[in-house]
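Below is one structure, written out as structure tokens; the observations come after it.
There are 4 protein chains.
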Amino acid sequence: MFFASDNSGPVHPQVLSALGAANDGYAMGYGDDPLTRQVQDRIRGIFAAPDAAVYLVATGTAANALALATLCQPYQTVFCSPVAHIHEDECNAPEFYTGGAKLTLVPGGDKMTADALAATIARENTRGVHGPQRGPVSITQVTERGSVYTLEELRALTAVARDHDLPCHLDGARFANALVRLGCAPADMSWRAGIDVLSFGGTKNGLLGVEAVIFFDPEKAWEFELRRKRGGHLFSKGRYLAAQMKAYLEDDLWLTSARSANDACTRLARGLRSAGAEFAHAPDANMIFAALPRAVHRRLHDAGAVYHLWDGALDGADPHEMLTARFVCDWSISDAQIDQFLSVLQA
Amino acid sequence: MFFASDNSGPVHPQVLSALGAANDGYAMGYGDDPLTRQVQDRIRGIFAAPDAAVYLVATGTAANALALATLCQPYQTVFCSPVAHIHEDECNAPEFYTGGAKLTLVPGGDKMTADALAATIARENTRGVHGPQRGPVSITQVTERGSVYTLEELRALTAVARDHDLPCHLDGARFANALVRLGCAPADMSWRAGIDVLSFGGTKNGLLGVEAVIFFDPEKAWEFELRRKRGGHLFSKGRYLAAQMKAYLEDDLWLTSARSANDACTRLARGLRSAGAEFAHAPDANMIFAALPRAVHRRLHDAGAVYHLWDGALDGADPHEMLTARFVCDWSISDAQIDQFLSVLQA
Amino acid sequence: MFFASDNSGPVHPQVLSALGAANDGYAMGYGDDPLTRQVQDRIRGIFAAPDAAVYLVATGTAANALALATLCQPYQTVFCSPVAHIHEDECNAPEFYTGGAKLTLVPGGDKMTADALAATIARENTRGVHGPQRGPVSITQVTERGSVYTLEELRALTAVARDHDLPCHLDGARFANALVRLGCAPADMSWRAGIDVLSFGGTKNGLLGVEAVIFFDPEKAWEFELRRKRGGHLFSKGRYLAAQMKAYLEDDLWLTSARSANDACTRLARGLRSAGAEFAHAPDANMIFAALPRAVHRRLHDAGAVYHLWDGALDGADPHEMLTARFVCDWSISDAQIDQFLSVLQA
Amino acid sequence: MFFASDNSGPVHPQVLSALGAANDGYAMGYGDDPLTRQVQDRIRGIFAAPDAAVYLVATGTAANALALATLCQPYQTVFCSPVAHIHEDECNAPEFYTGGAKLTLVPGGDKMTADALAATIARENTRGVHGPQRGPVSITQVTERGSVYTLEELRALTAVARDHDLPCHLDGARFANALVRLGCAPADMSWRAGIDVLSFGGTKNGLLGVEAVIFFDPEKAWEFELRRKRGGHLFSKGRYLAAQMKAYLEDDLWLTSARSANDACTRLARGLRSAGAEFAHAPDANMIFAALPRAVHRRLHDAGAVYHLWDGALDGADPHEMLTARFVCDWSISDAQIDQFLSVLQA
């Protein structure tokens with residue numbers, strides 16, 4: 001009954017096996033090994049992007065901050081959602097890596113709308129040299145609230161950016177979960193939708209810790225390599241990052257794992273709704289925010305369920321007060337575990 | 001015949017096994033897991049430092065740059081050797097993480113002398129507000145040229161720093177190799193020798209990629225945690241870093257591995273010397289810089305030996321020109337591999 | 001008919017004379033001169049703050065950014081109004097000087113309310129190491145929309161900050177204009193109201209370019225000096241900054257000048273209102289935002305009036321559309337100039 | 001008898017007068033005024049550089065750090081002399097403004113030689129992504145030890161830089177003093193000698209505080225403007241910077257003042273030599289380092305002479321010990337003052 005985060009589950013066994021398979025003799029360090037090159041080619045193939053520059057790093061924050069630093073000058077501002085991971089959950093990493101750029105929040109919910117983005121961009125940079133200059137647009141897919149942008153929505157956002165000659169970054173920590181939801185090709189949800197640089201997540205979907213950063217236009221590739229090194233994110237033993245990513249992409253493991261997580265969340269959501277939980281809409285991917293009375297949270301907690309309350313605290317006067325919680329399903333969760341949780345819920 | 005670097009060898013099998021053992025069910029993320037806590041306690045025990053704050057990161061550059069950023073203000077300067085890794089091999093990571101501090105090079109060879117350090121510190125900071133202010137001293141043990149400071153030498157350096165109230169950092173990427181050389185306790189080569197913060201390496205000695213940063217005085221622990229997060233170096237799946245480090249410290253694996261590497265280097269050095277290679281002194285640890293005629297390098301290279309020439313190039317007019325090469329032995333190299341290399345050398 | 005900004009008017013003649021008086025022979029550089037010491041003492045006296053550390057810089061952005069950098073760690077966030085100068089008009093200077101701290105905007109108008117500030121602070125920093133940590137509160141007095149906080153309002157804001165142990169910065173680019181409005185002592189509107197560091201403006205009130213930064217607690221004085229130097233804001237010929245500030249404070253010139261500007265704005269506002277301009281409330285100080293039909297702006301513009309339209313453009317289809325403009329009165333503006341403007345307005 | 005620095009003397013009366021002349025009515029802020037435009041045109045004319053982008057800032061550190069930040073990426077290194085102002089006297093401002101670039105010191109004296117520069121550049125950047133990348137070369141003219149590069153020497157340095165496609169910056173805090181020494185055209189000592197960006201000093205030669213930054217290629221002009229603003233170095237009342245610089249350039253005031261200072265230093269040097277002071281060669285410009293016995297320094301000091309000892313201290317056991325001092329002559333020093341000093345010296 002563990003719904004705290006999709007980074008709390010185990011690593012997929014095929015990924016661990018791949019580490020063992022890679023552990024044979026010597027290999028040149030710092031990404032200059034055959035496994036890394038294979039993975040780069042594989043990603044170029046999957047994304048139908050033969051010229052793309054592909055890099056591996058170990059954390060999502062590194063992927064995002066390094067990508068943004070390569071796209072954004074220190075006197076510019078990044079446009080993003082008020083709930084974006086880069087704004088709320090990276091302890092100023094984007095500001096650090098860009099050398100002091102700003103993040104401008106596009107008013108609204110977790111999903112930015114093209115209209116709100118256009119209005120925000122229009123308002124920024126009307127002060128000449130005095131204000132921050134317009135910089136990249138950063139979009140999160142799956143959003144931090146569990147929504148998935150449609151391709152139309154993505155394209156509308158990047159069209160606004162293109163109108164102002166601004167590059168687009170996609171934080172795809174849960175790229176696979178969104179992709180199986182939309183059922184489209186990786187290229188459709190990235191460069192064909194106007195994305196210039198993608199943080200392509202693996203850690204939340206069964207890897208130990210690997211994210212790829214994909215520059216569909218390789219012009220800034222060398223700059224990225226230097227920024228990665230100076231950030232301390234160039235691994236000497238690159239083959240062990242590559243091995244994970246290779247296993248991830250083999251036999252569609254990444255898609256199968258994401259589908260499992262999404263399906264589990266659908267099952268969970270159905271049960272939550274039957275039990276009277278309140279939420280705006282069914283989950284798009286593997287994460288749902290649902291409100292339950294405090295007393296119910298207490299009962300679930302006492303039964304061993306693990307998840308984060310999003311507002312309010314378990315301890316409080318009113319047992320009937322509705323408290324929102326975040327539930328995330330990872331690739332490994334079983335129907336049995338969900339049903340066990342639901343049985344406690346419905347008790 | 002692979003002597004390119006100790007980060008090019010395989011991961012120790014016990015370390016890989018430990019990853020499998022850790023891969024059981026759910027664990028809270030970001031270091032809030034039992035395995036991480038066990039490892040922190042274990043390191044405190046090994047270093048006889050019950051109050052130390054202990055953190056795991058994945059690269060040596062991250063360990064060094066984060067440690068220095070916590071010790072050094074942006075208007076200060078770090079004192080180090082001209083061949084220090086933080087100066088030559090981190091693409092300005094210390095300057096980046098500190099927010100623009102300077103590195104002041106202490107004249108001399110790979111080992112700083114207390115006299116040279118004292119003279120350099122004395123010269124710095126004689127200009128009041130105009131010059132950079134004195135900041136931490138950073139020492140590398142094993143040095144980048146393969147030497148090992150004696151405890152007396154270390155204590156003499158830190159005494160100079162203490163005279164000016166400057167904190168001391170030790171870049172211990174090859175801490176284990178130095179320790180088995182000196183045959184002393186970990187505490188003797190760290191806090192008892194006046195070291196305040198230690199980058200305690202594991203990657204070059206058989207891990208996939210884990211270094212510990214140890215603050216013997218935990219006062220700045222929380223600041224370090226924030227800097228690590230904002231640098232993108234806080235892993236969500238911390239248990240897989242902890243598992244590596246735990247295996248490393250179990251049954252003295254770290255010491256056994258380091259001893260193997262050092263012994264291999266001794267064997268190699270003996271053979272090199274017999275074959276007429278020139279080097280100043282026998283290796284202290286697992287790395288040696290030795291000069292051979294270009295023609296000999298050519299022959300070794302053609303036979304498949306892999307290592308870095310330090311000056312000059314394989315292609316060149318004069319076959320008798322002496323070219324210095326760096327040879328590094330990792331934990332996994334066998335006597336047979338060394339003997340094969342020596343037989344080519346002596347052919 | 002020049003209402004573009006209070007930094008567009010001339011320097012007060014007494015200030016220019018003071019430069020001449022200071023221009024006698026040699027003086028040690030970098031603030032180590034008698035005039036600078038006199039001014040520092042004078043400011044300590046005026047603010048009834050005998051221990052305060054006082055520094056002179058040449059621009060308001062330098063004053064604010066250096067003050068904030070001294071108060072704020074790079075992993076923290078500054079709380080301020082959405083229309084604060086530090087957010088909108090300094091091209092990321094605070095982010096630059098702090099090494100990448102964030103600015104968190106307190107929802108509302110130009111004046112922050114204590115409730116909104118408390119709610120914003122409460123929301124920030126609920127994510128442990130993941131989010132930015134709470135940092136200083138920065139208040140602007142006179143606000144960027146021309147309002148003046150009452151002492152009660154100021155004290156309520158700093159009380160909220162104190163509840164969380166956060167330091168308070170006051171951007172007092174128009175400190176004198178607010179002070180004469182409130183009719184209180186300088187100490188009342190600064191340290192007695194809970195302000196820790198004050199940017200005390202002079203440039204907008206008749207100087208060539210001088211602002212004082214006042215640390216009421218001198219603990220971080222040396223750090224500020226180093227940050228000022230490394231920012232390139234330590235003047236070699238400090239006496240010419242000091243001379244300006246000295247003249248400013250002599251015979252209450254600063255207060256007289258501010259009173260002139262405020263009175264002029266009151267006269268202007270009365271005339272604007274009579275002529276049908278719309279604005280929420282009479283001006284508190286020397287700046288007013290008023291809406292007039294486009295056709296009227298056109299007429300004023302053609303007659304030579306100079307001021308900034310805040311939304312919309314002079315060229316546009318609808319002559320009746322109401323466009324808001326910002327009118328700022330400086331110390332030098334005469335009743336005749338205002339009356340001339342009003343006569344065009346009322347024509 | 002004041003030889004402490006050329007920034008300790010008075011402002012030239014014509015410069016002060018120009019401030020008064022500029023103080024007439026309103027002018028748009030932030031450099032958007034006619035006086036600033038006139039000065040920019042004047043500098044373009046003087047330098048025979050019709051396309052140059054010209055900016056005014058108030059301090060030499062700002063000029064240098066902003067120029068370098070525009071030329072240098074944070075993962076690069078600046079090549080300069082070990083005694084360069086940017087290295088020794090700016091409290092890490094270049095590191096701060098560049099976002100953490102390094103300064104690589106070219107071994108040798110105050111003047112870099114082309115050979116030493118070439119060797120240093122060759123050595124740097126042989127480590128691919130691991131080391132800092134090669135960045136701009138920064139040359140100081142007049143050097144910090146009072147030497148003046150010949151045009152041949154300058155061209156030889158910039159030729160080395162051009163071989164590696166590296167831009168060249170000239171720190172010309174004392175540009176005028178060097179120019180009158182060489183007797184060449186401003187263009188000869190700047191862009192025709194291969195300089196891309198010039199810090200063109202005024203403060204040390206009779207201004208209150210103005211330096212121009214001149215980009216002979218205007219491609220990065222807008223970036224510079226943004227960096228200047230975000231550094232807090234854009235003055236609102238730009239006309240008062242422009243007025244100083246205009247007076248400086250009128251009727252060759254800058255050259256006349258520099259010539260006076262140089263001549264005074266020649267007179268001083270002659271007297272020092274007669275009195276037995278030791279120095280390697282006659283001064284090239286307005287600054288000389290000369291060694292005298294401690295007892296003589298004591299006598300000069302007691303008689304009221306003001307200058308900096310460069311090594312050793314006035315108080316010391318041995319009255320015969322030779323201590324080097326720096327003597328700088330500013331534009332305003334009279335023959336009488338020098339002769340008075342020499343009479344004390346020779347007493």
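Residue numbers (the working numbering), protein chains in the order written: chain A, 1 to 347; chain B, 1 to 347; chain C, 1 to 347; chain D, 1 to 347. By construction, the Cβ of each residue, glycine as well, lies at the ideal position given by its N, Cα and C atoms.
message: Going by DSSP, what residue range makes up the beta strand (DSSP E) through B:Ser199?
response: 197-201
- request: Determine the burial state of B:Leu314: buried for a count of at least 16 other Cβ atoms within 10 Å of its Cβ, exposed for fewer.
  value: exposed
field: Reference A:Ala21, options A:His85, A:Ser5, A:Ala242, A:Glu88, closest by Cα
entry: A:Ala242
Segment contact flag, the segment 230-238 of chain D with the segment 194-202 of chain D, C-beta cutoff 8 angstroms, min 3 pairs: no
message: Assuming D:Val148 and D:Ala178 are in contact, meaning their beta carbons sit under 8 angstroms apart, how far apart are those beta carbons, in whole angstroms?
response: 5 angstroms
- prompt: Taking the alpha carbon of A:Leu154 as the point to measure from, which residue in A:Arg267, A:Leu117, A:Thr59, A:Arg259 has its own alpha carbon closest?
  reply: A:Leu117
query: Any Cβ of chain D within less than 8 angstroms of the Cβ of A:Glu225?
result: yes
- prompt: Taking just the CA atoms, how far does A:Arg44 sit from A:Pro34?
  reply: 15 angstroms
- prompt: When Cβ atoms are compared, which residues of the segment 125-159 of chain A fall closer than 7 angstroms to chain C?
  reply: Arg127, Val129, His130, Gly131, Pro132
field: Where A:Gln346 falls, given that 16 or more other Cβ within 10 Å makes a residue buried
entry: exposed
B:Ala221 to B:Phe215 span [Cα, whole Å]: 7 angstroms
- prompt: Based on the DSSP output, what are the partners of A:Ile288 in its beta bridges?
  reply: A:Phe327
message: As a quick exercise: from C:Ala277, C:Gly183, C:Gly108, pick the residue whose alpha carbon is nearest that of C:Ile288.
response: C:Ala277
task: Given a cut-off of 8 angstroms, decide if D:Ser257 and D:Gly194 are closer than it, judged by their beta-carbon atoms.
output: no
query: Between the segment 279-300 of chain C and chain B, which residues of the former have CB atoms less than 8 angstroms from a CB of the latter, in chain order?
result: none
task: Please say whether B:His130 and D:Cys91 have beta carbons closer to each other than 8 angstroms?
output: yes
message: To be precise: take each residue of the segment 227-246 of chain B, compare its Cβ to all Cβ atoms of chain C, and keep it if any distance is under 9 angstroms. Which residues remain?
response: Arg227, Arg228, Lys229, Arg230, Leu234
message: Please report the distance separating the alpha-carbon of A:Pro10 from that of A:Ala336.
response: 17 angstroms
- prompt: In angstroms, rounded to a whole number, what distance separates the CA positions of C:Ala63 and B:Arg145?
  reply: 47 angstroms
- prompt: In chain D, which residues lie less than 7 angstroms from B:Cys91 when you measure between Cβ atoms?
  reply: Tyr75, Val129, His130, Gly131, Pro132
- prompt: Among C:Gly60, C:Thr70, C:Gly25, C:Cys72, which residue has its Cα nearest to the Cα of C:Ala84?
  reply: C:Gly60
field: Limits of the unbroken alpha helix (DSSP H) element including C:Lys102
entry: Note, C:Lys102: premise wrong, no alpha helix (DSSP H); beta strand (DSSP E) at 102-105.
task: Out of B:Pro186, B:Arg326, B:Tyr30, point me to the one whose CA is closest to B:Leu268's CA.
output: B:Arg326
field: B:Ile121 - DSSP class collapsed to helix/strand/coil
entry: helix
query: Are there 16 or more other CB atoms within 10 angstroms of the CB of B:Ala212, so buried, or fewer, so exposed?
result: buried
task: Answer yes or no: do D:Gly172 and D:Gln73 have a C-beta to C-beta separation smaller than 8 angstroms?
output: no
Spatial distance of B:Asp339 from B:Leu323 (CA atoms): 22 angstroms
message: I need the straight-line Cα distance from C:Leu255 to C:Met245, nearest angstrom please.
response: 13 angstroms
- prompt: Looking at D:Pro94 and D:Leu103, is the spacing between their C-beta atoms short of 8 angstroms?
  reply: yes
message: I need the DSSP call for C:Phe2, collapsed to helix, strand or coil.
response: strand
The alpha helix (DSSP H) enclosing C:Ser274, as first and last residue numbers: 253-274
query: On the three-state DSSP scale, how would you describe D:Ser334?
result: coil
- prompt: Listed from N- to C-terminal order along the chain, which residues in the segment 196-207 of chain C have their beta-carbon within a distance smaller than 9 angstroms of any beta-carbon of chain D?
  reply: Thr203, Lys204, Leu207
message: Are the CB atoms of B:Tyr307 and B:Ala4 within a distance shorter than 8 angstroms?
response: yes
query: Going along chain D in order, which residues have a C-beta closer than 8 angstroms to the C-beta of B:Ala101?
result: Asn92, Glu95
- request: State yes or no: is the C-beta of D:Cys318 within less than 8 angstroms of the C-beta of D:Arg294?
  value: Note on residue identity: the sequence assigns Asp, not Cys, to residue 318 of chain D. Cβ distance < 8 angstroms, so D:Asp318 and D:Arg294 count as in contact.
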